[in-house]
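Single-structure report; data block below.
2 protein chains.
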Amino acid sequence: MIKIGILGVGTVGESVAKILEANADIIEARAGKKIVVKSGVVRNLAKKRDTSIRLSDDPLSVVDDPEIDIVVELMGGVEEPYRLVKQALKNGKAVVTANKALLAYHRYELQEIAGDIPLMYEASTAGGIPIIGALRNGLSANHIDSIQGIMNGTCNYMLTKMIKEGAQYDEILKEAQELGYAEADPTFDVGGFDASHKLLILASIAYGIDAKPEDILIEGIENITQTDVAFAKEFGYEIKLLGIAKKVGEGVELRVHATMIPQDSMIAKVDGVMNAVTVVGDRVGETMYYGPGAGGDATASAVIADIVDIVRGNHGPMLGYKKGLESGLKLLPKEQIVTQYYLRLEVDDRSGVLAAITSTLEKYGISIEAMLQKPTSDEDIAKLLFTTHHCPEVKMQEAIKALEALDVVYGRIAMIRIEK
Amino acid sequence: MIKIGILGVGTVGESVAKILEANADIIEARAGKKIVVKSGVVRNLAKKRDTSIRLSDDPLSVVDDPEIDIVVELMGGVEEPYRLVKQALKNGKAVVTANKALLAYHRYELQEIAGDIPLMYEASTAGGIPIIGALRNGLSANHIDSIQGIMNGTCNYMLTKMIKEGAQYDEILKEAQELGYAEADPTFDVGGFDASHKLLILASIAYGIDAKPEDILIEGIENITQTDVAFAKEFGYEIKLLGIAKKVGEGVELRVHATMIPQDSMIAKVDGVMNAVTVVGDRVGETMYYGPGAGGDATASAVIADIVDIVRGNHGPMLGYKKGLESGLKLLPKEQIVTQYYLRLEVDDRSGVLAAITSTLEKYGISIEAMLQKPTSDEDIAKLLFTTHHCPEVKMQEAIKALEALDVVYGRIAMIRIEK
């Protein structure tokens, strides 16, 4: 019999306990041993809960319990779980965590400390989708060319509603909050930070790249409007918040931002709260993994998969390699990213304006690929929407500043990157 | 250093050797050891090949070589590889096979013989997609409600061309043969037999169901016409050759056939030679796995993933369980399948005919859901296309016979099952 201790018994922890009980027959058949939850830890013991788990508010009652074989960490936060996971590993206990923030900041130290003790984290990225296993085991023969992931269900739900139903950003955010898809302060989701944690985890397995959220380009979906949506539709794009990791020469681009992608790509077809990750390997080509990225039961499904793997005796190194991986690869500075761009400007609606804009762009070596001009409610002002050919991010940022400084351009310019 | 011997050095075997060499750096980093191909076996040594592998025509030179750690079986066929794989396992060697036919017939005996020796087969099903790992490890917490797979690229290529470009079956089969997507005798692919082998492998992992190809419903795509395609489009369906495993009470349906599925389901969006498998777990909900189902490098990617897993010390039981799994579940006889149906009939174009048909259907408890009547080049004959509500397969088969016996119905009735 294998005994589990859970740090942080919330929705996911409850689901873990319930599934271990309800599906005990198949889980025991698959793992070869019975798996039970021995005890759990919560911050506030006074809070009323509907649980059969024996609870304590002392994390050490789990971490230092010699009867507990596997510690499941579902607390959230960074430094407290880091301390407790280290302690559990030092006590020789296997650890399963769903904590993406912990891994975004401490995955390399944890791999070092864990050594041969299993430390698994399938639930940390894209919820119930077994993407960690796919990348770490299933694609191990491949140099990874690129990863593109829809890894935040809140953003994908909102963008889907904006695109399919013409909803405005503010009204759909309110709806998402009412449905429990978005937090009262939605910044962590809509600002791209949640997705960045997951991207960093995947990039470590794929490239052995060490980076923290503050090292990479992170933008959210807050500035997307119906004008952008209409343009995207007209030119055959969907708009998705993507986490992107891409090998370019000896560099790796890591970035999270709203992205225009061709409507006929598989990942463009992923709607609503669902998540999906596309991985291109140099040998296998394109593969995609799709499923629910959140929810108690879906996340618990991934947590239990890790537990079963540990009980079976599977382990494999935490990040998927025993020695340095792709040690020549370096994180590419944001400025060196090269991609295509969509820009939205409000300009004077008179002759000569277009020439002023294109000649400004030319100064930075940027050329226009497709353009659309639309009237606004003010007859003297037009909206100018266009996409560019490939150019470096640094040139685009300079060009945007130069354009915003022109007399004929009003307010801020909106920009969305394009991936084909 | 880990030494590999390959039984059957064809396209996939060559790719395995080439990738192990070209990607040796990352593969060693991930596996923790260097992996090399020591020798290979071919049937005809006289055939000219561009390979650096030391070749023999004696399979025992690999299977009985004490220096070889892992035997990779890529021969095809059933009984000869079965004998050789058993011999390799008896010699204590781990085995990796891409041979779906071997597993369709002998997976349970092999699991028994293998015991704790790793016997892995990621490449046997859906080529480069790590679906075996996903189902065996990633979803182990779940009772599996259903599996739907596009697991034959030839059929999906042909159906995509018929649907997107209006191509006729015969002309697109010829094109597929010229492109090397279809064999000179295409029956194994277009008849659904290839997909059935893969379905049986997945069903074993999901349900522990023992069945052979001849025990289950297998139909192909040979009878699909542009009339069916036009109807499907009009009513919001795609047509795909699906392998379906579905739990219904204490029974499991296993079937391979052309299927009408809603255009907006994820698997309906999988076009061309690509494969995809949707798995619905009772806890995780719907997940999907997409990628290339064939090709030397993609298949070799899966073979090497298994090798790396073995070298890492991962194993887990071959079919994913150590004791009986879902032992109460029985294979549901074909006749007891309950689903919706599409029928295509040629009938006399005169009043009273529709009444004769609907009253015949009513005798078997079958009711019509949607209908379309189309003229033919013969003005006395009309095409009648309709879908039914759910009914048992046995009733539908009887109803089709009764309809074909009516004077007003000409020739054979075409039928396509529907899954929503």
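Going down the list, the protein sequences come from chains F and X.
When we follow the numbering used here, the leftmost residue of the first sequence carries the number 1, and every step to the right adds one.
When we follow the numbering used here, the leftmost residue of the second sequence carries the number 1001, and every step to the right adds one.
Beta carbons are placed, not taken as given, at the ideal position from N, Cα and C, and that holds for glycine.
Return the residue from the list 1098(X), 1332(X), 1290(X), 1311(X) that minimises the CA-CA distance to residue 1266(X). 1290(X)
Do you know offhand how far residue 1052(X)'s Cα is from residue 254(F)'s? 38 Å
Report the neighbours of residue 308(F) on chain X: residues whose CB is nearer than 9 Å to its CB, in chain order. 1137, 1140, 1141, 1316
Could you tell me whether the Cβ atoms of residue 247(F) and residue 144(F) are closer together than 8 Å? yes
State yes or no: is the beta carbon of residue 1304(X) nearer than 8 Å to at least one beta carbon in chain F? yes
At a cut of 8 Å, does the segment 380 to 393 of chain F reach the segment 338 to 348 of chain F through at least three beta carbon pairs? yes
Spatial neighbours of residue 270(F) in its chain, beta-carbon cut-off 8 Å, leaving aside the 5 residues before and after: 150, 156, 240, 276, 290
C-beta atoms of residue 136(F) and residue 1316(X) nearer than 8 Å: no
To the nearest whole angstrom, what separates the beta carbons of residue 131(F) and residue 89(F), a pair I think is in contact under 8 Å? Contact doesn't hold; Cβ gap of about 24 Å is too wide.
Ranges of the alpha helix (DSSP H) found wholly within the segment 31 to 88 of chain F, counting only runs of at least 4: 60 to 63
N-terminal and C-terminal residue of the alpha helix (DSSP H) that residue 1227(X) is part of: 1226 to 1234
Just the C-alpha distance for residue 129(F) and residue 293(F), rounded to the nearest angstrom, thanks. 7 Å
Touching by the beta-carbon criterion (3+ pairs, under 8 Å), the segment 398 to 410 of chain F and the segment 1257 to 1266 of chain X: no
Which of the three DSSP states, helix, strand or coil, is assigned to residue 23(F)? coil
Cβ of residue 307(F) within 8 Å of Cβ of residue 70(F)? yes
Have a look at residue 1184(X) and residue 1177(X) and give me their C-alpha separation to the nearest angstrom. 7 Å
Measure the alpha-carbon distance for residue 61(F) versus residue 54(F) and round it to whole angstroms. 11 Å
C-alpha gap between residue 159(F) and residue 6(F), whole angstroms: 35 Å
For chain X, is any of its Cβ atoms less than 8 Å away from the one on residue 19(F)? yes
Burial state of residue 45(F) (16 or more Cβ within 10 Å): exposed
Taking Cβ positions only, does residue 122(F) come closer than 8 Å to chain X? yes
Chain X contact residues for residue 298(F), given Cβ-Cβ distances below 8 Å: 1283, 1284, 1285
Determine the closest residue to residue 1064(X) out of 1079(X), 1041(X), 1091(X), with distance taken between C-alpha atoms. 1091(X)
Interface partners of residue 27(F) on chain X, CB under 8 Å: 1140, 1141
Contact list for residue 1054(X) against chain F, beta-carbon separation under 7 Å: Residues of chain F passing the Cβ test: none, with the nearest at roughly 22 Å.
For residue 1391(X), which beta-bridge partners are listed by DSSP? 1339(X)
Are the beta-carbon atoms belonging to residue 1379(X) and residue 1349(X) less than 8 Å from one another? yes
Could you give the first and the last residue of the continuous beta strand (DSSP E) run that contains residue 412(F)? 409 to 418
Just checking my contact of residue 205(F) with residue 319(F) at CB under 8 Å: how many whole Å lie between their CB atoms? 6 Å
Excluding the 5 residues flanking residue 201(F) on each side, which residues of the same chain have their C-beta closer than 8 Å to its C-beta? 100, 103, 104, 107, 121, 124, 125, 132
Where does residue 1143(X) sit, in a helix, a strand or coil, going by DSSP? coil
Assigned secondary structure, residue 1350(X) (DSSP; H/G/I helix, E/B strand, else coil): coil
First and last residue of the uninterrupted alpha helix (DSSP H) at residue 1153(X): 1153 to 1165
Below-8 Å beta-carbon distance, residue 1101(X) vs any chain F residue: no
Work out the CA separation of residue 1127(X) and residue 1189(X) for me, nearest whole Å. 15 Å
Under 8 Å by Cβ, that's how I've got residue 142(F) and residue 243(F) pegged, so tell me the actual separation to the nearest angstrom. Not a contact, Cβ separation roughly 19 Å.
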